[in-house]
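Worksheet for the structure shown next.
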Amino acid sequence: MRGKYFSKVGRTVAVSMVALLCSVTFLNAFYYLPANADEDMVVQLVAHRGYSGAYPENTLSAFAGAYACGAKTVEFDVRKTKDGQLVIYHDETLQKINGEEDETTIADHTYEELLQYDAGEWYDREFRLERIPTLDQTLSLLQSTNMRIFCELKDIGEDQEFAAQVYDTFVKYDMLDKVIFLSFKYDYLEDIKEINPDQPIMKLASFGKSNLPEKYPAEYYGINMKTLTPRTVAAIHEAGAKVYCYTPETKGQMLSLQRLGVDGVITDNVVYQ
7 MRGKYFSKVG RTVAVSMVAL LCSVTFLNAF YYLPANADED MVVQLVAHRG YSGAYPENTL
67 SAFAGAYACG AKTVEFDVRK TKDGQLVIYH DETLQKINGE EDETTIADHT YEELLQYDAG
127 EWYDREFRLE RIPTLDQTLS LLQSTNMRIF CELKDIGEDQ EFAAQVYDTF VKYDMLDKVI
187 FLSFKYDYLE DIKEINPDQP IMKLASFGKS NLPEKYPAEY YGINMKTLTP RTVAAIHEAG
247 AKVYCYTPET KGQMLSLQRL GVDGVITDNV VYQ
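Residues in the sequence shown are numbered from 7 upward in steps of one, following the working numbering.
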């Protein structure tokens, strides 16, 4: 699955994505309904890893696709390469895009080396030669939109510079007012708060325990939908915070969570059935 023409194709993809965003700014006003426009659905929908239900996750195509279908918020994952570049990629290893035999990690490679990997063909041949984007490329793409961003800092270990490096990249693009920083690793979120106490954060949790606000103070909480309870939702709201859950995929699941009182859902299918 190695691409041979990334230098040329990479530039083509980037230019195409910018052109697409410019065009859908006009199209959205006439042809696209917002992703949460259904009369029964008032809960906020967040595009999980971009529109990953229709595009290869965490790619420029997935982010442009989320915008094109009317999503108001996009979520993506950040990791760091061997040479310190911030890239958008969920898994620790490259197995998803390069086969089960490849157990090397993002951290094992420089960004130049990662450009040799095809980040789209594993999903569908239509997306062959898509590459792993950098955080810079992603923010450059989204900068002209009004989309909010949920930026998840993946657990890359005891890297004391990681959170600050991600934060500074958003500063560079003047996009702090659009972002909420997410992580399962609360240390990273504390690092963000040390830099800017007013910057909103979301503590991710696999288990929806009602003591989350007391143990991990935050403005937002992102909880596995399978473990979320009315008691936890009430505790979070009583603390003055908001609760999101992951990852419902059907309208029925989303409506059930809405009735539970969640403020938003993080889903692969922002155009739900």
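The C-beta atom is built at its ideal place from N, Cα and C for all residues, glycine as well.
From the DSSP output, which residues share a beta bridge with residue i?
i, result
"Ala241", "In DSSP, Ala241 forms no bridge with anything."
"Leu92", "Lys86"
"Ser189", "Lys209"
"Leu51", "Val271"
"Phe156", "Glu81, Ile186"
"Asn217", "Answer is none; Asn217 lacks a bridge partner."
"Gly228", "Leu210, Tyr250"
"Thr111", "Thr99"
Just tell me which of the options has its CA closest to the CA of residue i.
i, options, result
"Asp180", "Glu167, Asn64, Ile201, Ser150", "Ser150"
"Met208", "Thr111, Gly90, Glu196", "Glu196"
"Arg134", "Ile112, Ala247, Glu109, Leu121", "Leu121"
"Glu81", "Val268, Lys184, Val239, Lys199", "Lys184"
"Val52", "Tyr252, His243, Pro223, Leu263", "Tyr252"
"Ser146", "Thr175, Lys160, Phe168, Tyr129", "Thr175"
"Val277", "Gln205, Met260, Gln264", "Met260"
"Leu78", "Arg154, Glu127, Gly163", "Per the sequence presented here, residue 78 reads as Lys, with Leu not at that position. Lys78 has its Cα closest to that of Arg154, out of Arg154, Glu127, Gly163."
"Leu148", "Lys191, Ala72, Lys248", "Ala72"
"Leu266", "Asp274, Ile229, Asn275", "Ile229"
"Glu158", "Leu218, Lys86, Lys178, Ile242", "Lys86"
"Ala247", "Val268, Tyr129, Thr235, Glu200", "Val268"
"Ser58", "Ser189, Ala125, Thr111, Met47", "Ala125"
"Asp193", "Thr140, Tyr117, Lys160", "Lys160"
"Ile162", "Ala113, Glu132, Asn202, Tyr117", "Ala113"
"Ser56", "Cys75, Tyr226, Ser189, Glu119", "Going by the sequence as given, residue 56 is Gly instead of Ser. Comparing Cα-Cα distances from Gly56 to each of Cys75, Tyr226, Ser189, Glu119, the minimum goes to Cys75."
If contacts are defined as beta-carbon pairs under 8 Å, then residue i and residue j qualify, I think. What distance do you get, rounded to the angstrom?
i, j, result
"Phe156", "Ile186", "5 Å"
"Leu92", "Gln205", "Leu92 to Gln205, Cβ: 17 Å. No contact."
"Val239", "Pro254", "With a Cβ gap of about 15 Å, Val239 and Pro254 do not count as contacting."
"Glu107", "Thr99", "Not confirmed; about 11 Å, so no contact."
"Pro219", "Ile201", "Rounded, the Cβ-Cβ distance is 22 Å, inconsistent with contact."
Exposed or buried, which one is residue i when buried takes at least 16 other CB atoms within 10 Å?
i, result
"Val84", "buried"
"Asn104", "buried"
"Lys232", "exposed"
"Glu167", "exposed"
"Asp130", "exposed"
"Lys178", "exposed"
"Asp89", "exposed"
"Glu164", "exposed"
Indicate whether the contact test is met: 3 or more Cβ pairs, each with one atom in the stretch 128-143 and one in the stretch 64-73, closer than 8 Å.
yes
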